[in-house]
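> Those sequence lines, one after another, are chains A and B. Heads up: the first sequence begins at 1 in the working numbering, then just goes up one per residue. Heads up: the second sequence begins at 1001 in the working numbering, then just goes up one per residue.
2 protein chains.
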Amino acid sequence: MLSKKTKYGLKALSFLASQKDKKPVQIAEIASHENISQKFLESILLSLRKTGFLGSKKGKGGGYYLLKNADEILMTDVMRVLEGPIAMVPCVSLNFYEKCDDCPDENTCAVNKLMLKVRDANLSVYRHNTLADLIIT
Amino acid sequence: MLSKKTKYGLKALSFLASQKDKKPVQIAEIASHENISQKFLESILLSLRKTGFLGSKKGKGGGYYLLKNADEILMTDVMRVLEGPIAMVPCVSLNFYEKCDDCPDENTCAVNKLMLKVRDANLSVYRHNTLADLIIT
DNA sequence: AATTACCCTATTGATTTAATAGAGTAAACA
DNA sequence: TGTTTACTCTATTAAATCAATAGGGTAATT
């Protein structure tokens, strides 16, 4: 299951990408437009800022805005920040590899073999989609 | 993340599929060979029996065995029983569809659009792999 | 009849998730 | 310069899910 955090994060990014200009948008406006708990959204936007996707401006007329063009924001990067590893098991993860403690040999592991294919399929989707591809004009 | 239930279930199925004949294998033997808590494995095998993947035999010489050939067991079916819906959000699920209560319109939803592609990619993997494909001789 | 091994229910501890509360801080504008 | 606005941060909590454990019950085989 996709976490609410990821879901809300994607919706917020899409909303920002659909703005005409790159003027800051207030948290409250994003939250109400996308039906998201404002406080929860705050923490999500904060993590997107800390990872370089968003910029923020304080004070009157402040808010959040995209730091790059939507078509330069890859879904692989967004998903890794919001949802974590793309792989379903650590032993097939590119960025978060870990050996399974219960598995004697990855080369003969049925789970490993299947999850490797699943990972590749998912990666392929995320690599070929940018934030711009999610916007429906 | 893949749940332990699914992981263990896949390992147990693979172990059964790798047997020379279709004689019943005891829970204890599967558990020790695959490093799985025996009691936990019991409940998993039980659910696989109730969903028609396994047969069981009681008494001495009893155990679990595959009801079909490994190449007739599709990963889509196995995954749906063990892990649940393949889709990451209910609004793109084929077998477990549900409308998102926070989303006014699926047709313009960025999350929906992306997760539809992800679902198709995953389905494609699971549909083209059977239990036989997981076995490394 | 005794043994073996499956079958079932209930409970628990740990972890994660989603949300809430409340105080703090920095920037803009009059 | 002071006030408003809106982002920033920490802590807490309620709920849900996951993984495992315990223990007794039942059915089939020898």
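Using N, Cα and C, we set each Cβ at its ideal position, and we do this for glycine too. Keep in mind it's a predicted model, so treat the numbers as computed, not measured.
Flag residue 1 of chain A as yes when its Cβ comes closer than 7 angstroms to any non-hydrogen atom of the ligand GTP, and as no otherwise.
No copy of the ligand GTP appears in this structure; indeed no ligand is present at all.
> Give every residue of the same chain whose Cβ lies closer than 8 angstroms to the Cβ of residue 1008 of chain B, excluding the five residues on either side of it in the sequence, and list them in chain order.
Here residue 1008 of chain B is taken as the residue at index 8 of the second sequence, counted from 1. Excluding positions up to five away in sequence, the list reads 1034, 1036, 1040, 1041 and 1044.
> Thinking residue 1051 of chain B and residue 1081 of chain B are a contact (beta carbons under 8 angstroms), I'd like their distance in whole angstroms, please.
Within the second sequence, the letter at position 51 stands for residue 1051 of chain B. Within the second sequence, the letter at position 81 stands for residue 1081 of chain B. Confirmed, Cβ separation roughly 5 angstroms.
> Cβ of residue 1130 of chain B less than 8 angstroms from any chain A Cβ?
For the purposes of this step, residue 1130 of chain B is identified with residue 130 of the second sequence, where counting begins at 1. Cβ-Cβ to chain A under 8 angstroms: no for residue 1130 of chain B.
> Would you call the CB atoms of residue 132 of chain A and residue 115 of chain A closer than 8 angstroms?
Within the first sequence, numbered from 1, the residue matching residue 132 of chain A stands at position 132. Within the first sequence, numbered from 1, the residue matching residue 115 of chain A stands at position 115. Contact flag unset, no.
> Of the residues A/6, A/13, A/4 and A/3, which one's Cα is nearest the Cα of residue 73 of chain A?
As a working note, residue 73 of chain A is residue 73 in the first sequence. The shortest C-alpha separation from residue 73 of chain A is found at A/13.
> Please report the straight-line C-alpha distance between residue 55 of chain A and residue 64 of chain A, rounded to a whole angstrom.
Taking the first sequence and counting its residues from 1, one reaches residue 55 of chain A at position 55. Taking the first sequence and counting its residues from 1, one reaches residue 64 of chain A at position 64. For residue 55 of chain A and residue 64 of chain A, the distance between alpha carbons rounds to 6 angstroms.
> So, with DSSP's three-state summary, where would you put residue 130 of chain A?
Here residue 130 of chain A refers to the residue found at position 130 of the first sequence. Three-state result, residue 130 of chain A: strand.
> Considering just the uninterrupted stretch of the beta strand (DSSP E) at residue 1009 of chain B, what are its terminal residues?
To locate residue 1009 of chain B, count along the second sequence from 1; it is residue 9. Careful: residue 1009 of chain B lies outside any beta strand (DSSP E), inside the alpha helix (DSSP H) at 1004-1017.
> Taking contact to mean at least 3 C-beta pairs separated by less than 8 angstroms, is the segment 116-125 of chain A in contact with the segment 1025-1032 of chain B?
Output reads no: the segment 1025-1032 of chain B does not touch the segment 116-125 of chain A.
> Beta carbons nearer than 7 angstroms to chain B: which residues of the segment 92-113 of chain A have them?
Listed by position, the residues of the segment 92-113 of chain A near chain B (Cβ gap below 7 angstroms) are 102, 108, 110, 111 and 113.
> Could you check whether the Cβ of residue 69 of chain A sits closer than 8 angstroms to any Cβ belonging to chain B?
Taking the first residue of the first sequence as 1, we reach residue 69 of chain A at position 69. It does not; no Cβ of chain B falls within 8 angstroms.
> Counting only beta-carbon atoms, is residue 28 of chain A nearer than 8 angstroms to chain B?
Position 28 of the first sequence, counting from 1, holds the residue named residue 28 of chain A. False, the Cβ-Cβ gap to chain B never drops below 8 angstroms.
> Helix, strand or coil for residue 89 of chain A? Go by DSSP, reduced to three states.
Position 89 of the first sequence, counted from the first residue, corresponds to residue 89 of chain A. Of the three classes helix, strand and coil, the one that applies to residue 89 of chain A here is coil, per DSSP.
> Just how far apart, CA to CA, sit residue 6 of chain A and residue 1062 of chain B?
Taking the first sequence and counting its residues from 1, one reaches residue 6 of chain A at position 6. Taking the second sequence and counting its residues from 1, one reaches residue 1062 of chain B at position 62. Cα-Cα distance, rounded: 47 angstroms.
> Report the rounded CA-to-CA distance for residue 1079 of chain B versus residue 1123 of chain B, giving the unit in angstroms.
Indexing the second sequence from 1 puts residue 1079 of chain B at position 79. Indexing the second sequence from 1 puts residue 1123 of chain B at position 123. Each residue's Cα considered, the two are about 10 angstroms apart.
> Along chain A, which residues have their Cβ under 8 angstroms away from the Cβ of residue 1047 of chain B?
Residue 1047 of chain B sits at position 47 when you count from the first residue of the second sequence. Within chain A, no residue comes near residue 1047 of chain B; the closest Cβ sits about 18 angstroms away, beyond 8 angstroms.
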